[in-house]
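A.B. asks: Below are the structure tokens for one structure; questions will follow.
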Amino acid sequence: MSYKTKIETMRGELRVMRKIIPDAMRGFGEMEKAITENGVMDKRQKEWIALAMGIAQRCEPCIGFHIGAMMRAGGTREELADICAVAIQMGGGPAMMYAAHALACWDELAADQPGATSA
1 MSYKTKIETM RGELRVMRKI IPDAMRGFGE MEKAITENGV MDKRQKEWIA LAMGIAQRCE
61 PCIGFHIGAM MRAGGTREEL ADICAVAIQM GGGPAMMYAA HALACWDELA ADQPGATSA
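Below you can see the structure in the form of structure tokens.
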């Protein structure tokens, strides 16, 4: 299954969650918005952290969502490589496997993003 398909599938599953637990999902969305739109770090820097945590926590859906957000925030594949290295340092071999997923996801999504670099 492609990363684009995985991302769209996860979005569908989250829509179901929004219907069954709307208050909880709305609260999570409000928290996310408050965090990404405020503070001293810019959105791209915050995406670096979220992506590193997604890799270290082995959350493939998180990786897909945060790769896309990092691209929209102006991130680069070279930044992703550094993020992968930090995640591997903190998460060991399992994080290395998900770092490889992150790079593959970037390369797939970059094919549709003007100006995004791929391998």
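Position 54, counted from 1, in the sequence shown is what the UniProt record's numbering calls 54; the numbers after and before it change by one each time, with no gaps. Quick reminder that beta carbons are idealized off the backbone N, C-alpha and C, glycines included. Since we're looking at a predicted model, the values are computed, not measured.
With the cut-off set at 8 Å, would you say A24 and I55 are in Cβ contact?
C.D. replies: No. Outside cutoff.
A.B. asks: Taking C-beta to C-beta, are Y98 and R58 nearer than 8 Å?
C.D. replies: In this structure, R58 lies closer than 8 Å to Y98 by Cβ.
A.B. asks: For I20, does the count of other Cβ atoms within 10 angstroms reach 16, so buried, or fall short, so exposed?
C.D. replies: Exposed.
A.B. asks: I believe A73 touches E47 by the beta-carbon criterion, under 8 Å. Please report the beta-carbon distance rounded to the nearest angstrom.
C.D. replies: 5 Å between Cβ atoms; contact.
A.B. asks: Using the beta-carbon count (16 or more within 10 Å), is A81 buried or exposed?
C.D. replies: Flag for A81 reads exposed.
A.B. asks: Roughly how many angstroms separate the alpha carbons of G91 and L51, rounded to a whole number?
C.D. replies: Each residue's Cα considered, the two are about 13 Å apart.
A.B. asks: From which residue to which residue does the alpha helix (DSSP H) around M10 run?
C.D. replies: Its alpha helix (DSSP H) spans residues Y3 to I20.
A.B. asks: Please tell me whether, using a cut-off of 7 Å, the distance from the CB of G54 to the nearest non-hydrogen atom of the ligand ZN is below it.
C.D. replies: Within the structure as shown, the ligand ZN is missing, as the structure has no ligands at all.
A.B. asks: Quick check on R58: does DSSP put it in helix, strand or coil?
C.D. replies: It is coil, neither helix nor strand.
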